[in-house]
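Here the structure comes first, spelled out in C-alpha cells, and everything after it is commentary.
Protein chains: 2
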Amino acid sequence: MRNASQNSGAARRAPRRRRGHERVAALLEAAAACFVEKGYDGATMTGIAARAGAAIGSLYQFFPTKEALALALAAAYADALERQLQRLAARSAGWTPEHLAAQLVRLLGAFRRRHPAFAALAEAAATQPALRTLAVRRRLREGLRELLRGHAPGLAEAELQAAAVVVLQLMKAAVALGGEPGLSGRRAALAGLERALALYLADLSRPA
Amino acid sequence: MRNASQNSGAARRAPRRRRGHERVAALLEAAAACFVEKGYDGATMTGIAARAGAAIGSLYQFFPTKEALALALAAAYADALERQLQRLAARSAGWTPEHLAAQLVRLLGAFRRRHPAFAALAEAAATQPALRTLAVRRRLREGLRELLRGHAPGLAEAELQAAAVVVLQLMKAAVALGGEPGLSGRRAALAGLERALALYLADLSRPA
DNA sequence: TTAAAATGTGAGGATATCCTCACTTTTTCT
DNA sequence: AGAAAAAGTGAGGATATCCTCACATTTTAA
Numbered sequence: 001m002r003n004a005s006q007n008s009g010a011a012r013r014a015p016r017r018r019r020g021h022e023r024v025a026a027l028l029e030a031a032a033a034c035f036v037e038k039g040y041d042g043a044t045m046t047g048i049a050a051r052a053g054a055a056i057g058s059l060y061q062f063f064p065t066k067e068a069l070a071l072a073l074a075a076a077y078a079d080a081l082e083r084q085l086q087r088l089a090a091r092s093a094g095w096t097p098e099h100l101a102a103q104l105v106r107l108l109g110a111f112r113r114r115h116p117a118f119a120a121l122a123e124a125a126a127t128q129p130a131l132r133t134l135a136v137r138r139r140l141r142e143g144l145r146e147l148l149r150g151h152a153p154g155l156a157e158a159e160l161q162a163a164a165v166v167v168l169q170l171m172k173a174a175v176a177l178g179g180e181p182g183l184s185g186r187r188a189a190l191a192g193l194e195r196a197l198a199l200y201l202a203d204l205s206r207p208a
Numbered sequence: 001m002r003n004a005s006q007n008s009g010a011a012r013r014a015p016r017r018r019r020g021h022e023r024v025a026a027l028l029e030a031a032a033a034c035f036v037e038k039g040y041d042g043a044t045m046t047g048i049a050a051r052a053g054a055a056i057g058s059l060y061q062f063f064p065t066k067e068a069l070a071l072a073l074a075a076a077y078a079d080a081l082e083r084q085l086q087r088l089a090a091r092s093a094g095w096t097p098e099h100l101a102a103q104l105v106r107l108l109g110a111f112r113r114r115h116p117a118f119a120a121l122a123e124a125a126a127t128q129p130a131l132r133t134l135a136v137r138r139r140l141r142e143g144l145r146e147l148l149r150g151h152a153p154g155l156a157e158a159e160l161q162a163a164a165v166v167v168l169q170l171m172k173a174a175v176a177l178g179g180e181p182g183l184s185g186r187r188a189a190l191a192g193l194e195r196a197l198a199l200y201l202a203d204l205s206r207p208a
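Protein chains in written order, with the UniProt record's numbering: chain V, 1 to 208; chain X, 1 to 208.
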C-alpha cells in the first residue's frame, strides 16, 4: 500500500529514507484497520498511532490531518481498483452480458473483502464533506466507460457515460449487499442483482 | 462517549401537555435540519436546541441522547414510507413493469426531496453502529415484498424476499443518484437505472 | 386560590479529540 | 569521526461535545 499519488492532503514531511516509508505504510495499515472497526469519525489519531506502534507525533509528521490520512488511503485504493478494471477490460472482448456482469460483481466484491476500509471510506465520503475530494467514483466511472465502449459499439458518448454511471451504481448495490450482516437469503439477492445487471448490459448492446 | 441510562430510544419524559408536544415537534424538525446540514456526527445537541429556540436542558428532557433523537426521527420516516408503499401497492394491479419501475423510483425520490434528513440518517446508519436499530430497511423490504407478490404470482416465498431486496437496492441507487451533486447526465443515468429496474421486474414476472 | 405537575433554563463537570512543539534518537554522508 | 538531515517522542494546550443538576416558570386541576 504505497502512497502512489502526490500531495492532495500533502504529507507535512514526505518520507525520504527507507524507515520513513515503512512507517508510513504501517500507519496507513493501522488507519485502515481503525476505520474498519470504528468508522472514519470514530477512529482517533491517537488510536491509529498506537495501533501502528508509533507515537502520536510520528503520525502527525507524515499526515498533518486525519483527513489527509483518509485521502492518502483512498488514493491508493483508487489506483489499485483502476488497474484491476483495466485488466478486466482487456480480457472482456466477446464475453456475454451474463459473464461480464458476473465478473464485474466479483471484482468489486473481492476488492471489498480484501480492503474493508475501502467500504468504510466510501460510506464516510457520503457524510463527510471533507472527503468529497475522493474522486474514486469518477475514476471508476471512467474505467467502466472504457470497458463498456467495447461492448456497446453503437452508443453515443453521452449514453456511454450514463451507462457507466448505472453500472457503477449496480455494482455498488451488490457490494452493499455483501456488507449487510445477517441478511437471510443474501446469496439469492446477490444473484438477483447480478441478473439485473446482466439484463441491463444485454439491453445496452442490443441493436435498437 | 458518556451515556447515562441505556434507555433505548425512549423519551426521558414523554410530553403530556400540548406545549410539550409542540416542543417535541419543533425539536425533531430542528434535528432534521441540522442532520441535513452537518450530518449525524456533525450535528450537535447544542445546535439543535438553539435552532429549535429551546434551551439545551429542554432538549435533554425529551431526548436523553442524540441517538434517541435520531431513532425517533427515523421511526417517523419509516411509518410514512410504509404507508406510501402500501398505497402504491393497492393501486398497482395490472401495471406494466415499466410503469411500476417509474412509480417506485418516483416515490422514493419524492420522499427524499421532501425529507432530506431521511437520506442523512440512512447514510449515518451505515457508519454508526448505534443506529443499526433503525429497521427502516426491514420495513421497506416487507412492504416491497407484498407489492411484488401481486406482480409475480409464480414466485416462491424465498424468491419473493430476494426480489424485494434487489428492488430496494435498485431504488436506493436511484435515490443516491438524485443526491449526487453536479453529475453531468444525471437525468440520463436515472433513466438508465429505471430501465434496469423495469427489465428486472419484467424478468421476474415472465413465466420461467 | 393554591398546590402539584409539567415544562423550561443554562452554567459547568466530565470527558475526549485534534494537533503543536521543544526535544531526543537514529541514519546518512563527507 | 563529526555534522547535518531525517525520523521519533509524548506531555499538554486549545477546543469541543455530551449531558447533569438545582432551580425558575408555566399550566392544570382541585
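Note that the Cβ used here is the ideal one computed from N, Cα and C, for glycine as well. Owing to the predicted nature of the structure, the values given are computational and were not obtained by experimental measurement.
Item to check | Beta-carbon neighbours of E135/V, restricted to chain X and to distances below 8 Å | outcome: Along the first sequence, read from residue 1 onward, the residue named residue 135/V stands at position 135. Checking the displayed sequence, the identity of residue 135/V turns out to be Ala instead of Glu. Using a Cβ-Cβ cut-off of 8 Å, A135/V is close to nothing in chain X; its nearest Cβ partner there is about 13 Å away.
Item to check | Nonlocal neighbours in the same chain, by C-beta distance under 8 Å from residue 213/X, ignoring five residues either side | outcome: This structure cannot settle anything about residue 213/X, because the visible part of chain X is limited to 1 through 208.
Checklist entry - Closest Cβ-Cβ distance between A196/X and chain V: below 8 Å? => result By 1-based counting over the second sequence, the position of residue 196/X is 196. Yes, A196/X counts as interfacial toward chain V.
Checklist entry - So what's F63/V in DSSP terms, helix, strand or just coil? => result Here residue 63/V is taken as the residue at index 63 of the first sequence, counted from 1. In the three-state reduction of the DSSP assignment, F63/V falls in the coil class.
Checklist entry - Within 8 Å (strictly less), CB to CB, does G185/X reach chain V? => result What you label residue 185/X is simply residue 185 of the second sequence in a count that begins at 1. Interface flag for G185/X against chain V is set, since a Cβ pair is found closer than 8 Å.
Next on the checklist: I believe L201/V touches L100/V by the beta-carbon criterion, under 8 Å. Please report the beta-carbon distance rounded to the nearest angstrom.
Outcome noted: On the first sequence, residue 201/V is found 201 positions in, with the first residue counted as 1. On the first sequence, residue 100/V is found 100 positions in, with the first residue counted as 1. Right, the Cβ-Cβ distance comes to about 6 Å (below 8 Å), so this counts as a contact.
Checklist entry - In whole angstroms, what separates the C-alpha of A126/V from that of P116/X? => result Translated into the one-based positions of the first sequence, residue 126/V becomes position 126. Translated into the one-based positions of the second sequence, residue 116/X becomes position 116. Rounded to the nearest angstrom, the gap between the Cα atoms of A126/V and P116/X is 14 Å.
Checklist entry - Nearest chain V C-beta to G192/X closer than 8 Å, yes or no? => result Residue numbering aside, residue 192/X sits at position 192 when the second sequence is read from its first letter. Yes, contact with chain V.
Next on the checklist: Can you confirm whether the segment 188–196 of chain X touches the segment 154–170 of chain V when touching is taken to mean that 3 or more C-beta pairs between the two stretches lie within less than 8 Å?
Outcome noted: With the rule of 3 Cβ pairs closer than 8 Å, the segment 154–170 of chain V counts as touching the segment 188–196 of chain X.
Next on the checklist: Looking at chain V, is there any beta carbon in it that lies within less than 8 Å of the beta carbon of T127/X?
Outcome noted: As a position in the second sequence, residue 127/X is number 127, starting the count at 1. Answer yes: the Cβ-Cβ gap between T127/X and chain V drops below 8 Å somewhere.
Next on the checklist: Rounding to the nearest angstrom, what Cα-Cα distance links N3/X and L177/X in this structure?
Outcome noted: Indexing the second sequence from 1 puts residue 3/X at position 3. Indexing the second sequence from 1 puts residue 177/X at position 177. In this prediction, N3/X scores a pLDDT of 39, lower than 50, which makes its location untrustworthy; no coordinate-derived value is stated.
Checklist entry - Among A110/V, L199/V, A90/V, which residue has its Cα nearest to the Cα of G150/V? => result Along the first sequence, read from residue 1 onward, the residue named residue 150/V stands at position 150. When each option's Cα is compared against that of G150/V, the closest is A90/V.
Item to check | Per-residue DSSP class, three states only, for L199/X | outcome: Locating residue 199/X in the second sequence gives position 199, where the first residue counts as 1. Three-state result, L199/X: helix.
Checklist entry - Residues in the segment 152–172 of chain X with C-beta within 8 Å of chain V's C-beta atoms, listed in sequence order? => result The segment 152–172 of chain X vs chain V, Cβ under 8 Å: A158, E159, Q161, A162, A163, V165, V166, Q169, L170, K172.
Next on the checklist: I'd like the list of long-range same chain contacts for A152/X, defined as Cβ closer than 6 Å, with 5 residues on each side in sequence excluded.
Outcome noted: Here the question's residue 152/X lines up with position 152 in the second sequence. Excluding sequence neighbours, A152/X sits near L204, S205.
Next on the checklist: Please give the ranges of any alpha helix (DSSP H) in the segment 21–71 of chain V, keeping only runs that are unbroken, at least 4 residues long and fully inside the region.
Outcome noted: Whole alpha helix (DSSP H) segments, 4+ residues: 45–51, 56–62.
Next on the checklist: Strictly under 8 Å for the Cβ-Cβ distance: is E123/X near chain V by that measure?
Outcome noted: Your numbering for residue 123/X matches position 123 in the second sequence. Cβ-Cβ to chain V under 8 Å: yes for E123/X.
Next on the checklist: Going by DSSP in three states, Q128/X sits in which element: helix, strand or coil?
Outcome noted: In the second sequence, counting from the first residue as 1, residue 128/X sits at position 128. Three-state result, Q128/X: coil.
Checklist entry - What three-state label does DSSP hand E146/V in the structure shown? => result Taking the first sequence and counting its residues from 1, one reaches residue 146/V at position 146. Here DSSP, grouped into helix, strand and coil, assigns E146/V to helix.
Next on the checklist: So L88/X and V166/V are supposed to be a Cβ contact under 8 Å. How far apart are they, rounded?
Outcome noted: Along the second sequence, one-based indexing puts residue 88/X at 88. Along the first sequence, one-based indexing puts residue 166/V at 166. No, L88/X and V166/V are not in contact; Cβ-Cβ is about 23 Å, not under 8 Å.
Checklist entry - Do you know how far the Cα of H21/X is from the Cα of T96/X? => result Here residue 96/X refers to the residue found at position 96 when the second sequence is read from its first residue. Here residue 21/X refers to the residue found at position 21 when the second sequence is read from its first residue. One C-alpha to the other measures close to 44 Å.
Checklist entry - Can you name the start and end residues of the alpha helix (DSSP H) that H99/X belongs to? => result What you label residue 99/X is simply residue 99 of the second sequence in a count that begins at 1. For H99/X, the enclosing alpha helix (DSSP H) begins and ends at 97–114.
Checklist entry - When DSSP labels each residue in this structure, what does S205/V get in the three-state scheme? => result As a first step, residue 205/V must be located in the first sequence, where it is residue number 205. Correct three-state label for S205/V: helix.
Checklist entry - Ordered along the chain, which non-local residues of its own chain (more than five positions away) have a Cβ less than 7 Å from that of T46/V? => result Within the first sequence, the letter at position 46 stands for residue 46/V. The residues are I56.
Checklist entry - Near A33/X, which residues of its chain fall below 7 Å by C-beta distance, leaving aside the five closest residues on each side in sequence? => result Taking the second sequence and counting its residues from 1, the one referred to as residue 33/X is at position 33. Only R51 meet the Cβ criterion.
Item to check | Nonlocal neighbours in the same chain, by C-beta distance under 7 Å from Q128/X, ignoring five residues either side | outcome: Taking the first residue of the second sequence as 1, we reach residue 128/X at position 128. Excluding five sequence positions before and after Q128/X, the CB atoms of its chain that fall closer than 7 Å to its own CB belong to Y40, given in chain order.
Checklist entry - Of all the CB atoms in chain X, is at least one closer than 8 Å to the CB of G109/V? => result Here residue 109/V corresponds to residue number 109 of the first sequence, with the count starting at 1. At least 8 Å separates the CB of G109/V from every CB of chain X.
Next on the checklist: Which same chain residues end up closer than 7 Å to L69/V when comparing Cβ atoms and leaving out the 5 residues on each side of it in sequence?
Outcome noted: Here the question's residue 69/V lines up with position 69 in the first sequence. Answer for L69/V: A31, F63, listed in chain order.
Next on the checklist: Tell me the DSSP secondary structure of L155/X in three-state form.
Outcome noted: On the second sequence, residue 155/X is found 155 positions in, with the first residue counted as 1. If DSSP states are grouped into helix, strand and coil, L155/X belongs with coil.
Checklist entry - How long is the line joining the alpha carbons of A54/X and P15/X, rounded to whole angstroms? => result In the second sequence, counting from the first residue as 1, residue 54/X sits at position 54. In the second sequence, counting from the first residue as 1, residue 15/X sits at position 15. Those two C-alpha atoms are separated by around 15 Å.
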